[in-house]
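Sequence lines, in order, name chains A and B.
One point on numbering: in full-length UniProt numbering, the residue at position 78 of the first sequence is 78, and numbering is uninterrupted.
One point on numbering: in full-length UniProt numbering, the residue at position 81 of the second sequence is 81, and numbering is uninterrupted.
We put the beta carbon where it would ideally sit given N, CA and C, even for glycine.
There are 2 protein chains.
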Amino acid sequence: MSQVMPDWSVLLSTCPSRTSLARIANKWTAMAVSVLGSNGRMRFGDLRTQLDGISGKVLTETLRDLERDGLVTRHVHAEVPPRVEYELTALGFTLHAPLLALCRWAEEHIAEVLVNREIYDAR
Amino acid sequence: MSQVMPDWSVLLSTCPSRTSLARIANKWTAMAVSVLGSNGRMRFGDLRTQLDGISGKVLTETLRDLERDGLVTRHVHAEVPPRVEYELTALGFTLHAPLLALCRWAEEHIAEVLVNREIYDAR
DNA sequence: CTGCATCCTGCACGATACTG
DNA sequence: CAGTATCGTGCAGGATGCAG
Chain A
1 MSQVMPDWSV
11 LLSTCPSRTS
21 LARIANKWTA
31 MAVSVLGSNG
41 RMRFGDLRTQ
51 LDGISGKVLT
61 ETLRDLERDG
71 LVTRHVHAEV
81 PPRVEYELTA
91 LGFTLHAPLL
101 ALCRWAEEHI
111 AEVLVNREIY
121 DAR
Chain B
1 MSQVMPDWSV
11 LLSTCPSRTS
21 LARIANKWTA
31 MAVSVLGSNG
41 RMRFGDLRTQ
51 LDGISGKVLT
61 ETLRDLERDG
71 LVTRHVHAEV
81 PPRVEYELTA
91 LGFTLHAPLL
101 ALCRWAEEHI
111 AEVLVNREIY
121 DAR
């Protein structure tokens, strides 16, 4: 029963929703949620491979923040070597489409953006 | 004619689309594009008022980056006091829905997120 | 394999003052 | 009003090493 709060606006610096916006609107979150939403439950190491270039520390922090906000669940297996899997929650999945759209936008429009940049810089 | 480049992936650290993703996936860009897309052409000062808490410097930089990438156009009026207006381009408008969706998500789910955080922190 | 601790660097961002 | 210039600060995030 998530209620819409029309008087809560990300535009207000005092509104906690802005903090939430800052968390979801960043490249690592966008990439992680997109990959998790597309692939389903994934291991830490596989996520790290997919998110090419991310450091272990940053991936851990990103996943922990997502878990804290209830967007991701962490499944620890009592094995050795350890195996930990991550999965989007129902709430987290509501973010999948919007964030995947952002990733897609970057991929689909990068050529046009690069041309615009050249034009702009040529003055 | 923006071509989809299926071999360009934000997941690759070497792909320029990731830089583009990093630019559009941040709170100030999300807020600015959402407001510009909803309100149409706007003055610098009005944008600054809407984006509560943003400094003049950061707003200038945000708008300049958007202009450079061809997402926003800058209209300078030869008046005194000066009047400068900003407006989304057609390309910029393709970002409006996705970024507005992110802002809306933050507003609509902040209550649930805050509850999850309390539960998580209570251990 | 997963993840934590430590250290370090760069940049995002804010504050302030000044100009056309 | 709409910037620019300058400076200061905090934090994101990378590198490395160690632990369970």
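Name, in chain order, the residues that DSSP records as bridge partners for residue 96 of chain B.
Taking the second sequence and counting its residues from 1, the one referred to as residue 96 of chain B is at position 96. Residue 96 of chain B is not bridged by DSSP to any residue.
Nearest-angstrom Cα distance between residue 23 of chain A and residue 29 of chain A?
Start at 1 with the first residue of the first sequence, and residue 23 of chain A comes out as number 23. Start at 1 with the first residue of the first sequence, and residue 29 of chain A comes out as number 29. Their Cα atoms are separated by approximately 7 angstroms.
Under the assumption that residue 42 of chain A contacts residue 10 of chain B (Cβ atoms under 8 angstroms), give the Cβ distance between them as a whole number of angstroms.
Locating residue 42 of chain A in the first sequence gives position 42, counting from the first residue. Locating residue 10 of chain B in the second sequence gives position 10, counting from the first residue. Between residue 10 of chain B and residue 42 of chain A the Cβ distance is about 17 angstroms, and since that is not below 8 angstroms, they are no contact.
Find the residues of chain B that neighbour residue 90 of chain A, judging by a C-beta separation of less than 9 angstroms, and give them in chain order.
Here residue 90 of chain A corresponds to residue number 90 of the first sequence, with the count starting at 1. Residues of chain B passing the Cβ test: none, with the nearest at roughly 10 angstroms.
Strictly below 9 angstroms CB to CB, what residues from chain A border residue 117 of chain B?
Taking the first residue of the second sequence as position 1, residue 117 of chain B is located at position 117. Going along chain A in sequence order, the residues near residue 117 of chain B (Cβ under 9 angstroms) are 68, 69, 70.
So what's residue 51 of chain B in DSSP terms, helix, strand or just coil?
For the purposes of this step, residue 51 of chain B is taken as the residue at position 51 of the second sequence. Note: residue 51 of chain B maps to coil in three-state DSSP.
Terminal residues of the continuous beta strand (DSSP E) containing residue 76 of chain A?
Translated into the one-based positions of the first sequence, residue 76 of chain A becomes position 76. Segment 72-77, the beta strand (DSSP E) holding residue 76 of chain A.
Is there a Cβ of chain A sitting closer than 8 angstroms to that of residue 52 of chain B, yes or no?
As a first step, residue 52 of chain B must be located in the second sequence, where it is residue number 52. Residue 52 of chain B counts as touching chain A.
Spatial neighbours of residue 83 of chain B within its chain, please: CB distance less than 7 angstroms, with the 5 preceding and 5 following residues excluded, ordered by chain position.
Here residue 83 of chain B corresponds to residue number 83 of the second sequence, with the count starting at 1. Answer for residue 83 of chain B: 43, 77, listed in chain order.
Pull up the distance between the alpha-carbon of residue 57 of chain B and that of residue 73 of chain B, whole angstroms please.
Here the question's residue 57 of chain B lines up with position 57 in the second sequence. Here the question's residue 73 of chain B lines up with position 73 in the second sequence. Taking the straight line from one Cα to the other gives about 18 angstroms.
Between which two residues does the alpha helix (DSSP H) harbouring residue 23 of chain B extend?
The sequence position of residue 23 of chain B within the second sequence is 23, counting from 1. Taken as a continuous stretch (DSSP letters only), the alpha helix (DSSP H) holding residue 23 of chain B covers 16-24.
Tell me whether the region 46-61 of chain A and the region 103-110 of chain B touch, counting them as touching only if at least three CB pairs, one residue from each stretch, are closer than 8 angstroms.
no
Considering Cα atoms alone, identify which of A/122, A/37, A/120, A/112 is closest to residue 16 of chain B.
As a first step, residue 16 of chain B must be located in the second sequence, where it is residue number 16. Out of A/122, A/37, A/120, A/112, A/112 has the C-alpha closest to the C-alpha of residue 16 of chain B.
For residue 75 of chain A, which residues of its own chain have a beta-carbon under 8 angstroms away from its beta-carbon, when the five flanking residues on both sides are left out?
Residue numbering aside, residue 75 of chain A sits at position 75 when the first sequence is read from its first letter. Result list for residue 75 of chain A: 41, 84, 85, 86, 87, in chain order.
Looking at the strands, I want to know which residues DSSP matches up with residue 86 of chain A.
The residue you call residue 86 of chain A lines up with position 86 of the first sequence. Paired residue(s): A/42, A/74.
Between residue 26 of chain B and chain A, is there a C-beta pair that is closer than 8 angstroms?
Numbered from its first residue, the second sequence carries residue 26 of chain B at position 26. Answer yes: the Cβ-Cβ gap between residue 26 of chain B and chain A drops below 8 angstroms somewhere.
Please state whether DSSP places residue 105 of chain B in a helix, a strand or coil.
Position 105 of the second sequence, counting from 1, holds the residue named residue 105 of chain B. Helix, per DSSP.
Using a 10 Å radius around the Cβ and a threshold of 16 neighbouring Cβ atoms, would you call residue 66 of chain B buried or exposed?
Residue numbering aside, residue 66 of chain B sits at position 66 when the second sequence is read from its first letter. By the beta-carbon neighbour count (other beta carbons within 10 angstroms, threshold 16), residue 66 of chain B is buried.
With distances taken between CB atoms, is the gap from residue 68 of chain A to residue 123 of chain B smaller than 8 angstroms?
Translated into the one-based positions of the first sequence, residue 68 of chain A becomes position 68. Translated into the one-based positions of the second sequence, residue 123 of chain B becomes position 123. Contact flag unset, no.
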